[in-house]
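Residue numbers (my numbering): 100 to 624. Please read the structure below before turning to the comments.
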């Protein structure tokens, strides 16, 4: 854990006793994001006036620079910052000024409410962004002054943290760390917004294979959560600044979290297209681009959806003849993502094992996918690696227009490190999975490349044990040797008994001990 990560996580202490992780994450992540935007504005103003320095002065000096310009020509300053940053925070609403008020015990919660409202009015990137930071919650305090005091203490703690005194993508990584920590504390609710980094890395690296040099690169996540699964792709591409992010999320709180996360990872507003909507309702996106180089997804498992007959003529689902069951939307998510995949692209999706073998409508859909060669690989992951669920999961890799219909099976279910509350994939486990995927050949008890005839012979059932034999033969027992060993042990026991009885005979016998000694001898006779 870096120093920055430690500081950010410790700043949550003020809220921990007042509410659970699924609630206080909205306050901390929202305030960290607002501080980032405020401090970024101070630096941007200083750079405009003085050029980019080797070392930035204190924020007092940066703020003085901003006020000089603001007093001289406020409109010019606002327009310059809106062109450069896409927003302008009025001086009185900067985090720096909120902290000054807090230090003098003049801060009122209405100050922060006004700051959030002003920023949310500055274009769709910020619209409704802070709606989930509930500053009226009684969990902050029973009356306005208590609420102000609680938030004031959080602001003072956060303001001590230098978000910019680091190289590279440290701020974004620290934010990602916070999201992971909240996921660990949120239990079942964590699945709504977070995919463990190890799983994200596996999917991101695999879907980028053969596309590393593409620029621009368009990635789509129809159930994006916090956006971390999409963001991981950058480390595997030669032009990470040319990635365009397209994502959809049903949960409004999580949608806002994804917007913040992408901005904190320095994603330009022109390079993100995010939608707060239902992937399993009307199709999105429908305007260009609507086909993507990579589709990645960790949707809610076995969710409910309408399965309305109208979807039988929806281009996403019509070629498969059946719809995913109402109580198991897994294949609905998969088919939506596959529809939006470019002919040259790759898709990776995390699903429960049931999609591999369940029958009825799901069996029909699976058969069509196999017949058209859509499924490239089936990767079985260990149980209990996701927050909020202990069920084992599988990663399906899909492509379009393949010449072959073979399927690579990888059983990685036994490769993990057991930790206190859940299992974790180690770096060596990730490398082993990706290497097996690239090699695409049989590996004893780990990987099997099944041709289409083998899949047909298994009635299109993709259950991994049908293709990979992980049975470990028990060591054969030599009955003769075991008999000899038992005989030797019996002789040793007999000798020890004889020695023990002899010792009893040597004991000094009194009226009190005679009966006890005789009773002991009878046990061995």
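In this text, a Cβ means the ideal position worked out from N, Cα and C, and glycines have one as well. For clarity, every value in this text was computed on a predicted model and none was experimentally measured.
| Query | Result |
| --- | --- |
| So which of 367, 322, 459, 340 has the shortest CA-CA distance to residue 402? | 322 |
| Would residue 535 pass as a contact of residue 496 if the rule is Cβ separation under 7 Å? | no |
| Would you kindly report the start and end of the unbroken alpha helix (DSSP H) that includes residue 381? | Unbroken run through residue 381: none, as it is neither H nor E. |
| Counting only runs of 3+ residues fully inside the segment 430 to 511, write out the beta strand (DSSP E) ranges in chain order. | 440 to 451, 474 to 479, 492 to 497, 506 to 510 |
| Count the other CB atoms, across all protein chains shown, that sit within 10 Å of the CB of residue 181; report buried if there are 16 or more and exposed otherwise. | exposed |
| Give the straight-line distance between the Cα atoms of residue 552 and residue 560, rounded to the nearest whole angstrom. | 12 Å |
| Does the Cβ-Cβ distance between residue 567 and residue 469 come in under 7 Å? | no |
| Going by beta carbon distance, what residues of the same chain come within less than 7 Å of residue 366, once the five residues before and after it are set aside? | 344 |
| Between 598, 374, 336, 329, which has its C-alpha nearest residue 314's C-alpha? | 336 |
| Locate the beta strand (DSSP E) running through residue 546, then write down its first and last residues. | 546 to 549 |
| For the putative contact between residue 519 and residue 442, defined by C-beta atoms under 8 Å, what is the C-beta separation to the nearest angstrom? | Contact doesn't hold; Cβ gap of about 45 Å is too wide. |
| Do the CB positions of residue 197 and residue 160 come within less than 7 Å of each other? | no |
| On the criterion of 16 or more Cβ atoms from any shown chain inside 10 Å, does residue 158 qualify as buried, or is it exposed? | buried |
| Taking the alpha helix (DSSP H) that residue 140 falls in, what are its first and last residues? | 120 to 149 |
| Measuring only the C-alpha atoms, how far is residue 616 from residue 590? | 24 Å |
| Note down, one range per segment and in chain order, each alpha helix (DSSP H) of at least 4 residues found wholly within the segment 198 to 248. | 208 to 219 |
| Distance cutoff 7 Å, beta carbons only. Does residue 315 sit that close to anything in chain D? | Among the chains of the structure shown, chain D does not appear; only one protein chain is present. |
| Output needed for residue 256: all residues of its chain with C-beta closer than 7 Å, excluding positions within five of it in sequence on either side, in chain order. | 110, 113 |
| If we count Cβ pairs, one from each stretch, closer than 8 Å, do we get three or more for the segment 237 to 250 versus the segment 218 to 226? | no |
| Please look up how many angstroms separate the CB atoms of residue 359 and residue 128, rounded, as I've assumed it's under 8 Å. | 6 Å |
| Quick one: is residue 396 buried, meaning 16 or more other Cβ sit within 10 Å of its Cβ, or exposed? | buried |
| Can we say the segment 469 to 480 touches the segment 269 to 283, given the rule of at least three CB pairs closer than 8 Å? | no |
| State the Cα-Cα distance for the pair residue 231 and residue 261, rounded to the nearest angstrom. | 25 Å |
| Is the CB-CB distance between residue 356 and residue 325 below 7 Å? | yes |
| Please confirm whether residue 215 and residue 251 have their CB atoms less than 7 Å apart. | no |
| With DSSP as the reference, label residue 517 as helix, strand or coil. | strand |
| To the nearest angstrom, report how far apart residue 494 and residue 298 are at their CA atoms. | 9 Å |
| Out of 199, 327, 229, 201, which has the shortest C-alpha to C-alpha gap to residue 212? | 229 |
| Identify whether residue 387 lies in helix, strand or coil by the three-state DSSP scheme. | coil |
| For a test of the three-state rule: what should DSSP assign to residue 400, helix, strand or coil? | coil |
| Leaving out five residues before and five after residue 175 in sequence, what residues of the same chain have Cβ atoms less than 8 Å from its Cβ? | 168 |
| Where residue 202 and residue 342 are concerned, what is the direct C-alpha to C-alpha distance, given to the nearest angstrom? | 42 Å |
| Does DSSP put residue 305 in a helix, a strand or coil? | helix |
| Please return the same chain residues whose Cβ sits closer than 7 Å to the Cβ of residue 411, not counting the five positions on each side in sequence. | 417, 422 |
| Round the Cβ separation of residue 177 and residue 187 to the nearest angstrom and send it over; I've been treating them as touching at under 8 Å. | 5 Å |
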